[in-house]
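For the sequence shown, my numbering gives the first residue as 108, with consecutive numbering after it.
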Amino acid sequence: MEIGQNSAIARPKVALCGIRGIPACYGGFETFAEELCPRLVERGYEVVVYGRSHVISHSEPLYKGVELRLLPAPKHKYLETPVHTIRSFLDLWRRPVDCVLLCNAANSPFIPIARLRGIPV
Numbered sequence: 108m109e110i111g112q113n114s115a116i117a118r119p120k121v122a123l124c125g126i127r128g129i130p131a132c133y134g135g136f137e138t139f140a141e142e143l144c145p146r147l148v149e150r151g152y153e154v155v156v157y158g159r160s161h162v163i164s165h166s167e168p169l170y171k172g173v174e175l176r177l178l179p180a181p182k183h184k185y186l187e188t189p190v191h192t193i194r195s196f197l198d199l200w201r202r203p204v205d206c207v208l209l210c211n212a213a214n215s216p217f218i219p220i221a222r223l224r225g226i227p228v
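Have a look at this one:
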């Protein structure tokens, strides 16, 4: 679905969580996000990507039209991903979005946090 720039319809807002962030600097999920998110913006969507502040050095709040929300996460082999995902979902309680695209199956236990807020995941 393409949303016209001058359309009276509100632009759908999508959040992407569960990755290190964009621009891609590590793996497949990040590359996927870097390819997908600017294309969604081109089609009229508002897109916010949640990234880890110690991984992404991009200092601007936007990357190719995509809003970047960089949150802290512990540099820990087992805790970094789940802690960052929980922080991302808690941040979404204050920022309305139409849906969340969650990457990495390891993050699936946290889906109920978004669902409690009524956000489709």
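Ideal Cβ placement from N, Cα and C applies to all residues, glycine included.
Item to check | Span of the alpha helix (DSSP H) around Gly-135 | outcome: 135-149
Next on the checklist: Give me the DSSP bridge partner(s) of Leu-223.
Outcome noted: Answer by DSSP bridge pairing: none, since Leu-223 is not bridged.
Item to check | Closest Cα partner of Ile-116 within the set Val-156, Arg-159, Gly-151 and Thr-138 | outcome: Gly-151
Checklist entry - What's the call for Tyr-185, buried or exposed, on a 16-neighbour Cβ count within 10 Å? => result By the 10 Å Cβ count, Tyr-185 comes out exposed.
Checklist entry - Which residues in the same chain as Cys-153 place their Cβ atom closer than 8 Å to its Cβ, once the five residues preceding and following it in sequence are excluded? => result What sits at residue 153 in the sequence shown is Glu, not Cys. Arg-118, Pro-119, Lys-120, Val-121 and Glu-174, listed in sequence order.
Item to check | Range of the contiguous beta strand (DSSP E) that encloses Val-155 | outcome: The continuous beta strand (DSSP E) containing Val-155 extends over residues 153-159.
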